[in-house]
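Each step along the sequence shown adds one to the number in the working numbering, with nothing skipped, and position 241 is 566. Beta carbons: idealized from backbone N, C-alpha and C, even for Gly. Let me begin by presenting the structure, written as structure tokens, before commenting on it.
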Amino acid sequence: MEFISKRVQSLAVSQTLAMSQKSSELRASGVDVINLSVGEPDFNTPAHIKDAAKRAVDDNFSFYSPVPGYMSLRQAIADKLSRENGLSFTPAEIVVSNGAKQALCNVILSTVNPGDEVIIPTPAWVSYVEMVKLAEGKSVLVPAGIDSDFKITPAQLEAAITPRTRMLLICSPSNPTGSVYTRDELQALVDVLAKHPDILILADEIYEHINYTGSFTSLGSFEAIADRTIIINGVSKAYAMTGWRIGYCAAPAAIAKAVSKLQGQYTSGASSIAQKAAEAAYTGPQDCVAEMCAAFRRRRDLVVGLASQIPGFRVNEPKGAFYLFPEVSGVLGKRFGDKVIATSGDLAMYLLEQAHVATVDGAAFCAPGYIRFSYATSDENLREAMSRIRTAIDQLH
Ligand code: PMP
Ligand code: GLU
326 MEFISKRVQS
336 LAVSQTLAMS
346 QKSSELRASG
356 VDVINLSVGE
366 PDFNTPAHIK
376 DAAKRAVDDN
386 FSFYSPVPGY
396 MSLRQAIADK
406 LSRENGLSFT
416 PAEIVVSNGA
426 KQALCNVILS
436 TVNPGDEVII
446 PTPAWVSYVE
456 MVKLAEGKSV
466 LVPAGIDSDF
476 KITPAQLEAA
486 ITPRTRMLLI
496 CSPSNPTGSV
506 YTRDELQALV
516 DVLAKHPDIL
526 ILADEIYEHI
536 NYTGSFTSLG
546 SFEAIADRTI
556 IINGVSKAYA
566 MTGWRIGYCA
576 APAAIAKAVS
586 KLQGQYTSGA
596 SSIAQKAAEA
606 AYTGPQDCVA
616 EMCAAFRRRR
626 DLVVGLASQI
636 PGFRVNEPKG
646 AFYLFPEVSG
656 VLGKRFGDKV
666 IATSGDLAMY
676 LLEQAHVATV
686 DGAAFCAPGY
696 IRFSYATSDE
706 NLREAMSRIR
716 TAIDQLH
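In structure tokens form, the structure reads like this:
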């Protein structure tokens, strides 16, 4: 331990990845675990994208790429942002990274000074608070529970702002709740932000295309804050490309330049082959995106129906992403034998051990009292998992 820096000692392990690892280990030991912990599309990457990667290998895209990414990919991303979101970014304002995860961390490390406050509506994805910690910033959590459909109000945002506020970090469609802010709801938050010109807005839009509302509004499209809004997106979710590791930030030029400087010192450009695949994703046919979204929507309906019948679970209807985030306080305090299920963490462990279903404790998303499960898996797995959970909950007294 003495060799490990305080910086890394203070970091928490990613609970989504840890739970997934635990479930893989159980599976390897012969237990039939259904893994609903990690969130990633279960579809294969579309064929035309894989073909582009194969061509890139044959065409010798084997050298270092420019640190912020190939110009052709950045142009394809700029075109996407213009076509789909009505945003105007030049390639110089876009930096491609190893997944949206690195893009987020790059931006936070490039803009947050020690002691700066970052407002994070919760429940929030596991890595946000840890990334802010890496930058020695201070996370200011603004909670929104199931009764407000997991969305913060303008009054809550206003109340969280102090002279030290550097950034608002917001995710819609949300991981872990699936909530999607409407244009009007975003406008109301923007009205608050318009009064505070020193606050950066970091908008994690990675689930943009897994959205069942029929419309998506990018935070970058509001004139009042456009010059200080940074968009995070990537190919992981929309194109079923989690393992390819391509994400990006689109940011004001000075921030993009800083991000590129940082990335140039610690990872260089992202994989050349994966970049060419991502370029094909953005420039090729888009029907695969809608098809996958339709499949997730069908599963959403299935899983909401089944989960709402589980005694002690309160479920909302997610409008995007592929997670369900039931409130489980109705189960807490019950016993299995002489063991008390006191917390949502105990419940997640109990479900793993007794029902052989891997979920994630809501506490990992700064929301104890909830659990998350991903429904990016087959109908058969979902039916079986919900039935196992129900049986396990029925065994509590
Ligand atoms: N933001 C959110 C909200 C996510 O769920 C994920 C996926 N783990 C990421 C960012 C990172 O995506 P990527 O796989 O592209 O790094
Ligand atoms: N988006 C996924 C999740 O939250 C990926 C795992 C991770 O990167 O944390 O489960």
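> Out of 403, 422 and 399, which has the shortest C-alpha to C-alpha gap to residue 591?
Replying inline: As a first step, residue 591 is located in the sequence shown; it is residue number 266 there, counting from the start. Checking every option, the nearest Cα to that of residue 591 belongs to 422.
> Within 10 angstroms of its Cβ, does residue 442 collect 16 or more other Cβ (buried), or is it exposed?
Replying inline: Counting from one through the sequence shown, the residue named residue 442 turns up at place 117. Burial call: buried.
> Taking the alpha carbon of residue 460 as the point to measure from, which residue in 521, 609, 440 and 619 has its own alpha carbon closest?
Replying inline: The sequence position of residue 460 within the sequence shown is 135, counting from 1. The shortest C-alpha separation from residue 460 is found at 440.
> Which of the three DSSP states, helix, strand or coil, is assigned to residue 656?
Replying inline: On the sequence shown, residue 656 is found 331 positions in, with the first residue counted as 1. In the structure shown, residue 656 sits in coil (DSSP, three-state: anything other than H, G, I, E or B).
> Taking the alpha helix (DSSP H) that residue 529 falls in, what are its first and last residues?
Replying inline: Numbered from 1 along the sequence shown, position 204 holds the residue referred to as residue 529. First-last for residue 529: 525-529, but that is the beta strand (DSSP E), not the alpha helix (DSSP H).
> Cα separation between residue 555 and residue 579?
Replying inline: Locating residue 555 in the sequence shown gives position 230, counting from the first residue. Locating residue 579 in the sequence shown gives position 254, counting from the first residue. Roughly 11 Å between the two C-alpha positions.
> Quick one: what does DSSP say residue 626 is sitting in, helix, strand or coil?
Replying inline: Along the sequence shown, read from residue 1 onward, the residue named residue 626 stands at position 301. DSSP places residue 626 in helix when its eight states are reduced to three.
> Apart from the five residues on each side of it in sequence, which residues of its chain come closer than 7 Å, Cβ to Cβ, to residue 434?
Replying inline: Within the sequence shown, numbered from 1, the residue matching residue 434 stands at position 109. Taken in chain order, the residues that qualify are 459, 460 and 587.
> With C-beta atoms as the reference, is residue 696 less than 8 Å away from residue 672?
Replying inline: Here residue 696 refers to the residue found at position 371 when the sequence shown is read from its first residue. Here residue 672 refers to the residue found at position 347 when the sequence shown is read from its first residue. Their beta carbons are under 8 Å apart, which means residue 696 touches residue 672 by this criterion.
>> On a Cα-Cα basis, can you pick out the residue from 722, 659 and 713 that is closest to residue 682?
In response: Within the sequence shown, numbered from 1, the residue matching residue 682 stands at position 357. Closest by alpha carbon: 713.
>> When you compare the CB positions of residue 573 and residue 419, do they come within less than 8 Å of one another, or not?
In response: Here residue 573 corresponds to residue number 248 of the sequence shown, with the count starting at 1. Here residue 419 corresponds to residue number 94 of the sequence shown, with the count starting at 1. Taking 8 Å as the Cβ cut-off, residue 573 and residue 419 qualify as a contacting pair.
> From this set, 416, 489 and 638, which residue's C-alpha is nearest residue 401's C-alpha?
Replying inline: Here residue 401 corresponds to residue number 76 of the sequence shown, with the count starting at 1. Among 416, 489 and 638, the Cα nearest to that of residue 401 belongs to 416.
> Who are the near neighbours of residue 723 in its chain, counting only those whose CB is closer than 7 Å to its CB and skipping five residues on each side?
Replying inline: The structure shown does not extend to residue 723, since the chain is modelled only from 326 through 722, so no value can be given for it.
> With residue 437 and residue 491 assumed to form a contact (beta carbons below 8 Å), what rounded beta-carbon distance in angstroms separates them?
Replying inline: Sequence index remark: in the sequence shown, residue 437 carries index 112 (1-based). Sequence index remark: in the sequence shown, residue 491 carries index 166 (1-based). Sure, about 6 Å apart at Cβ, within 8 Å.
> Any heavy atom of ligand 1 closer than 7 Å to the Cβ of residue 596?
Replying inline: In the sequence shown, residue 596 corresponds to position 271, counting from 1. No, ligand 1 has no heavy atom inside 7 Å of this Cβ.
> Helix, strand or coil: which one does DSSP assign to residue 488?
Replying inline: Along the sequence shown, one-based indexing puts residue 488 at 163. Coil.
>> Quick check: what's the CA-CA separation for residue 344 versus residue 502?
In response: Taking the sequence shown and counting its residues from 1, one reaches residue 344 at position 19. Taking the sequence shown and counting its residues from 1, one reaches residue 502 at position 177. C-alpha separation (whole angstroms): 18 Å.
>> By the DSSP assignment, the beta strand (DSSP E) with residue 421 in it spans what residues?
In response: The count along the sequence shown starts at 1 and reaches residue 421 at position 96. Taken as a continuous stretch (DSSP letters only), the beta strand (DSSP E) holding residue 421 covers 419-422.
> Is the segment 478-490 touching the segment 621-638, taking contact as three or more C-beta pairs under 8 Å?
Replying inline: no
> Comparing alpha-carbon positions, which option in 650, 506, 614 and 649 lies nearest residue 564?
Replying inline: By 1-based counting over the sequence shown, the position of residue 564 is 239. Nearest C-alpha to residue 564: 614.
> Apart from the five residues just before and just after residue 715, which ones in its own chain have a Cβ nearer than 6 Å to its Cβ?
Replying inline: Counted from its first residue, the sequence shown places residue 715 at position 390. These residues qualify, in order along the chain: 635.
>> Does residue 538 pass the burial test, meaning 16 or more other C-beta atoms within 10 Å, or should it be called exposed?
In response: Indexing the sequence shown from 1 puts residue 538 at position 213. Flag for residue 538 reads exposed.
> Got a sec, what are the start and stop residues for the alpha helix (DSSP H) residue 375 sits in?
Replying inline: Here the question's residue 375 lines up with position 50 in the sequence shown. Residues 372-383.
> Whole-angstrom Cβ separation of residue 701 and residue 366, contact assumed at under 8 Å?
Replying inline: Here residue 701 is taken as the residue at index 376 of the sequence shown, counted from 1. Here residue 366 is taken as the residue at index 41 of the sequence shown, counted from 1. Indeed, because the Cβ distance is near 5 Å, the residues count as touching under 8 Å.
> Nearest to residue 523 by alpha carbon, out of 543, 499 and 552?
Replying inline: On the sequence shown, residue 523 is found 198 positions in, with the first residue counted as 1. The shortest C-alpha separation from residue 523 is found at 552.
> Whose CA, out of 495, 511, 398 and 510, lies closest to the CA of residue 429?
Replying inline: For the purposes of this step, residue 429 is identified with residue 104 of the sequence shown, where counting begins at 1. The residue with the shortest Cα to Cα distance from residue 429 is 495.
> Under the three-state reduction of DSSP, which class applies to residue 466: helix, strand or coil?
Replying inline: Numbered from its first residue, the sequence shown carries residue 466 at position 141. Three-state DSSP puts residue 466 in a strand.
>> With a threshold of 7 Å (Cβ to nearest heavy atom), would residue 581 be considered close to ligand 1?
In response: For the purposes of this step, residue 581 is taken as the residue at position 256 of the sequence shown. Result no, Cβ not under 7 Å from ligand 1.
> Cβ of residue 662 within 7 Å of any heavy atom in ligand 2?
Replying inline: Locating residue 662 in the sequence shown gives position 337, counting from the first residue. Answer for residue 662: no, Cβ out of range of ligand 2.
> Using CA coordinates, which residue listed in 692, 570 and 474 is at the minimum distance from residue 448?
Replying inline: Taking the sequence shown and counting its residues from 1, one reaches residue 448 at position 123. Out of 692, 570 and 474, 692 has the C-alpha closest to the C-alpha of residue 448.
> Would the beta-carbon of residue 684 fall within 8 Å of that of residue 351?
Replying inline: Here residue 684 refers to the residue found at position 359 of the sequence shown. Here residue 351 refers to the residue found at position 26 of the sequence shown. No, the Cβ-Cβ distance between residue 684 and residue 351 is not below 8 Å.
> When DSSP builds the beta bridges, which residues end up paired with residue 496?
Replying inline: Taking the first residue of the sequence shown as 1, we reach residue 496 at position 171. Its beta-bridge partners are 529.
> To which residues does DSSP link residue 664 through a beta bridge?
Replying inline: Here residue 664 corresponds to residue number 339 of the sequence shown, with the count starting at 1. For residue 664, which the question treats as bridged, DSSP gives the partners 661.
>> Applying the 10 Å Cβ sphere with the 16-neighbour rule, what's the burial state of residue 610?
In response: As a working mapping, residue 610 is identified with position 285 in the sequence shown. Classification of residue 610: exposed, given that the 10 Å Cβ count is below 16.
> Run through DSSP, which three-state label would residue 446 get?
Replying inline: For the purposes of this step, residue 446 is taken as residue 121 along the sequence shown, with counting starting at 1. Reduced to three states, the DSSP call for residue 446 is strand.
> Between residue 719 and the rest of its own chain, which residues show a CB-CB distance below 8 Å, the 5 nearest in sequence each way excluded?
Replying inline: On the sequence shown, position 394 is the one that residue 719 refers to. Closer than 8 Å at the Cβ level, and outside the excluded window around residue 719, lie 636.
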